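Take a look at the structure below.
Number of protein chains: 2
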Amino acid sequence: MLSHALLSATLALNAVRALLFDVFGTVVDWRGSLVREGRVLGARKGLQVDWAEFADAWRAGYRPAMERVRRGELPWMNIDQLHRLILDDILPRFGVHGLSETEIDELNRAWHRLRPWPDGVRGLKRLKSKFVISTLSNGNISLLTEMAKHASLPWDCILSAELFHCYKPDPGTYLGASALLGLQPEQALMVAAHEDDLAAARAQGLRTAFVRRPREFGRRSGYNLPRDGGFDLVADDFVHLAVQLGA
Amino acid sequence: MLSHALLSATLALNAVRALLFDVFGTVVDWRGSLVREGRVLGARKGLQVDWAEFADAWRAGYRPAMERVRRGELPWMNIDQLHRLILDDILPRFGVHGLSETEIDELNRAWHRLRPWPDGVRGLKRLKSKFVISTLSNGNISLLTEMAKHASLPWDCILSAELFHCYKPDPGTYLGASALLGLQPEQALMVAAHEDDLAAARAQGLRTAFVRRPREFGRRSGYNLPRDGGFDLVADDFVHLAVQLGA
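So the protein lines, in turn, are chains C and R.
All residue numbers for the first sequence refer to this note's numbering, where the first residue is 1 and numbers rise by one.
All residue numbers for the second sequence refer to this note's numbering, where the first residue is 1001 and numbers rise by one.
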């Protein structure tokens, strides 16, 4: 016999029609991908850089930059533009000089070529057989589109904070994405490896699935599994999520 | 030796990175699909309706309704809402009474289930191997997403006039779509079976490909191939377009 709590969760998820995915860290391994790209560039240009530290510094600049946009200190800028702003700042800090504009732009587009976690494509294909699967990322549309093409991510639809001119965790992103898919918030399930993203989605009425990505910040980073965050589902990867959703 | 005109066209198209597709009539056979859906409904409900005339009347209401939105006489409404407005008007005109709200809504969603022309999926797959392929339709995002899922249309990205709150042929749709893909207008090729759509795209600097769909309005409709409309390409179908683009 199903427990009352489990029964309630099952009934709640019965209404779900679409899955909205956070992308950086949840679908793709941004850190490993950036390290790989950095090493190739470094070898070609004879650069002595700790690319893991470089990747961490680049990512660390992302949230403060986005917050400046959210507070209105910066005009609307998409993630490509924010990534470039941060890159121009950290290149000299890591002693990288003499790259051409083309080379810097190419490095900035490493974010368009991030690689999925090993379960990513297989899990998404299973989930797609039962649900509409869409991105809901702060990454811009062209970044997400090129990433999907590069990594064979089988999205039904590419949605981005860029469409709403506000960044997650602003409510407009979650409500905007649900509305564009013709759904009530409770018919959409937000999938992410980050508690703050899910908490903000839940506050707008969306269902939530937490996916564990313990290596997002590298093998040696401390990783604390979230305490009970009140998520509808918790999964080890996308295949595990598909199993739980009967897909 | 290439003629000067052909060489210019080839050079112009060398810059193209993405193909933007009109959908109703260009990718899918809206008329044949609606007739099929209507007949199934008619048989089930015992309705005596000429479904080809019904489909034509439904489609005929579309442009005037959209023009009312464009002129500001109606607030922003997406195509699902406009289709429903027209449907509520034509059902009694065709003597259809007694459908439940669920049945009317289901009929309205026939537009989400339109079927592609026979060359559609095969041609798109070839074009996708070389270019980003995206919709640029007046149809809303959820309509286009469900249609793609239903008909296995392999879009890289789903873009819609709905994102810009203006309808083609407003310039904001063509420029907005190019910008979201990170492209200059001349790096985008608009593909459509309708001259007015292409003329408006060209006026904003996009490249243009006219695809012949002589049966869009039925086998017995008169179909006039456009005179030289100054399109960059003219194709018999999507496979022919792929051949011309080397995809």
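Glycine included, each C-beta is placed from N, C-alpha and C at the ideal position.
None of the values given here were measured: they were computed from a predicted structure.
T102(C) counts as exposed, since fewer than 16 other beta carbons sit within 10 angstroms of its beta carbon.
At a cut-off of 9 Å between C-beta atoms, C166(C) does not count as an interface residue with respect to chain R. Its chain contains V1211, R1212 as the residues whose beta carbon lies nearer than 8 Å to that of D1236(R), once the 5 sequence neighbours on both sides are disregarded; these appear in chain order.
The continuous beta strand (DSSP E) containing T208(C) extends over residues 207–211. Around the beta carbon of P1169(R), a 10 Å sphere encloses 16 or more other beta carbons of the protein chains shown; the residue is thus reported as buried.
Close to V132(C), with beta-carbon spacing below 8 Å, are these residues of chain R in chain order: T1145, E1146, K1149. Contact check for V1132(R) against C1157(R) passes: the beta carbons are separated by less than 9 Å. What D1156(R) touches in chain C, judged by beta-carbon distance under 9 Å, is T145, E146, A148, K149, W155, I158, going in chain order. Separation of L34(C) and T135(C) (C-alpha to C-alpha, rounded to the nearest whole angstrom) is 21 Å. Close CB contacts of L1183(R) within its chain, under the 8 Å cut and outside five residues either way in sequence, are with R1017, A1018 (chain order). The C-alpha of A193(C) is placed about 12 Å away from the C-alpha of F217(C). For I1141(R), the closest Cβ of chain C is nearer than 9 Å. Contact residues of the stretch 174–189 of chain C toward chain R are L180, L181, G182 (C-beta to C-beta distance below 7 Å). Of the residues A55(C), F94(C), R70(C), the one whose Cα lies closest to the Cα of Q48(C) is F94(C).
A151(C) is positioned such that its CB atom lies no closer than 9 Å to that of L181(C). Per DSSP, reduced to three states, the secondary structure at V23(C) is coil, with no helix or strand assignment. For D170(C), no CB of chain R lies under 9 Å from its own CB, so it is not counted at the interface with that chain. One alpha carbon belongs to D29(C), the other to W111(C), and they sit about 10 Å apart. As a beta-bridge residue in DSSP terms, A1192(R) pairs with F1210(R). Annotation for D1197(R): D1022, K1168, P1169, M1190 place their beta carbon closer than 8 Å to its own, counting only its chain and skipping 5 residues before and after.
Interface criterion met: the Cβ of L163(C) is under 9 Å from a Cβ in chain R. Not one beta carbon of chain C lies nearer than 9 Å to the beta carbon of D1022(R). At a cut-off of 9 Å between beta carbons, D1080(R) contacts chain C. Straight across, the Cα-Cα distance linking A1203(R) with A52(C) is about 47 Å.
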